[in-house]
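Per our numbering, the sequence shown starts with residue 127, numbered consecutively. Even glycine gets a Cβ: it sits at the ideal position worked out from N, Cα and C. If you're wondering where the values come from, they're calculated on a predicted model, not measured in any experiment. Read the structure below first, then the notes.
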Amino acid sequence: MEQGKDWNPDLYLKFRNERTQPSIDLIRKIDISFQPKSILDIGCGPGNSSQALLRRWPNAKLTGVDNSENMIEKAKKSYPDNTWIVADASKYTSSDKFDIVFSNAAIQWIPHHEILFKKLYNLINICGVLAISVPRFDEMPISKIIQRVASKAKWKEATTGCADAFTRYNYQFYYDLISADYQKVEFWQTDYIHVLESQFAIIEWTSSTGMKPYLDRLEDEDKLQFEDEVLSEIKFDYPVQKNGKVLFPFRRLFMVGYK
Ligand SMILES: C[S@@+](CC[C@H](N)C(=O)[O-])C[C@H]1O[C@@H](n2cnc3c(N)ncnc32)[C@H](O)[C@@H]1O
């Protein structure tokens, strides 16, 4: 990944608990009666989702794949006993298959999900499980605010096409895709309501994820100004509560397929 555009694991982990909760919830729902021997975590980031998987199945052999060198370096340092691979998940191949192929908050960065899901299917052992969660960022006010700011004359040229950094499909699309290949499927959607310390925390949260493609196109000083303009618009959709906290609703879609 291009230097300066790589992910920042420390900023990402500032909201570690909130970002890991969907993995914990998805893992809890996986209904299997055997002990999985091998698990693949696609877009494992700094290893937080992988660690949640190992808390449920401590004897499984875990492989984490991520195309960010920074993220994999952080995962390696934090959890040296697992296998960590720097690779684009859409190109990743393995001669081994896995009992569980898992991914939290990562595949929205990868295009062409018909192809990706076929690939993931082929990486799963018979009777294994696919378990995926994707944020519905484009359905949230913050996404619209970022796009509104980006469409201003000052930012328009630099940020053209940034909204396309995220792959978006509706749940009907995923249902058709997964139910065609798997014996049983489960789908649900959750609105987490995260309690943050301030409105600026929403900027910190999204600067390392949903706002990242926009910031990656800007010089350092412009990044700050762009963030400031987003912050000034945040106030209407994310007001300060009576106790000073700010509520940040965050929608996520969950999908489980049993092969
Ligand atoms: C929001 S983080 C999710 C990290 C972790 N799974 C979690 O649950 O918090 C998204 C991760 O997807 C990774 N990613 C994005 N595109 C990818 C690709 N094409 N192949 C592999 N990883 C990718 C990013 O580098 C990042 O670490």
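### Message
Report the CB separation of PHE224 from LEU166 in whole angstroms; it is logged as a contact under 8 Å.
### Response
Their Cβ separation, rounded to whole angstroms, is 4 Å, which keeps PHE224 and LEU166 in contact under 8 Å.
### Query
Going along the chain, which unbroken runs of the beta strand (DSSP E) with 3 or more residues stay wholly within the region 142–198?
Entirely contained in the region 142–198, the beta strand (DSSP E) runs reaching 3 residues are, in chain order, 164–168 and 187–192.
### Query
Taking C-alpha atoms, which residue in MET337, TYR308, PHE352 and VAL372 lies nearest to MET381?
When each option's Cα is compared against that of MET381, the closest is TYR308.
### Query
Can you tell me whether ASN208 is buried or exposed, with buried defined as 16 or more other CB within 10 angstroms of its CB?
Under this definition ASN208 is a buried residue.
### Query
Across which residues does DSSP place ASN134 in a beta bridge pair?
In DSSP, ASN134 forms no bridge with anything.
#### Entry: Secondary structure, beta strand (DSSP E): runs of 3+ residues fully inside the region 250–277
You should have 250–261.
### Query
Is there at least one non-hydrogen atom of ligand 1 closer than 6 Å to the beta-carbon of ARG145?
Between ligand 1 and the CB of ARG145, the shortest heavy atom gap is smaller than 6 Å.
### Query
Which of helix, strand or coil does DSSP assign to LYS280?
Taken through DSSP and simplified to helix, strand or coil, LYS280 comes out as helix.
### Query
Nearest CA to the CA of ARG154: which residue from LEU180, GLU144, THR293 and VAL191?
Ranked by how close their Cα comes to the Cα of ARG154, the residues LEU180, GLU144, THR293 and VAL191 have LEU180 in first place.
### Task
Determine the burial state of GLU195: buried for a count of at least 16 other Cβ atoms within 10 Å of its Cβ, exposed for fewer.
With fewer than 16 other beta carbons inside 10 angstroms of its own, GLU195 counts as exposed.
### Query
Should ASP192 be counted as a contact of ligand 1 given a C-beta to heavy atom distance under 6 Å?
In this structure, ASP192 has its beta carbon less than 6 Å from a heavy atom of ligand 1.
### Task
Answer with buried or exposed for LEU350, where buried requires no fewer than 16 other C-beta atoms within 10 angstroms of its C-beta.
It counts as exposed.
### Query
Do ILE328 and LEU373 have their C-beta atoms closer together than 7 Å?
Contact: no.
### Query
Taking the C-alpha atoms as reference points, what is the distance between GLU265 and LEU344?
Taking the straight line joining both Cα atoms gives about 25 Å.
### Message
Rounded to whole angstroms, what is the Cα-Cα separation between GLN273 and SER220?
### Response
Whole-angstrom Cα-Cα distance: 38 Å.
### Query
Where do the ends of the beta strand (DSSP E) carrying SER229 lie?
For SER229, the enclosing beta strand (DSSP E) stretches over residues 224–230.
### Task
Consult DSSP for GLN315 and reduce its assignment to one of helix, strand or coil.
Residue state, collapsed to three classes: strand.
### Task
Please determine, among LEU379, LYS368 and LEU341, the residue with the shortest C-alpha to C-alpha distance to GLU355.
In terms of CA proximity to GLU355, LEU341 leads the group LEU379, LYS368 and LEU341.
### Buried/exposed call for HIS239, threshold 16 Cβ in 10 Å
Classification of HIS239: buried, given that the 10 Å Cβ count is 16 or more.
### Task
Assign SER358 to one of two classes, buried (16 or more other C-beta atoms within 10 Å of its C-beta) or exposed (fewer than that).
SER358 is exposed by the Cβ-count criterion.
### Message
Tell me the rounded alpha-carbon separation between SER164 and ASP151.
### Response
In a straight line, the C-alpha of SER164 is about 20 Å away from that of ASP151.
#### Entry: Inter-residue Cα distance where the pair is GLU347 and ALA284
The alpha-carbon atoms of GLU347 and ALA284 are separated by roughly 14 Å.
### Query
What's the call for THR335, buried or exposed, on a 16-neighbour Cβ count within 10 Å?
By the 10 Å Cβ count, THR335 comes out buried.
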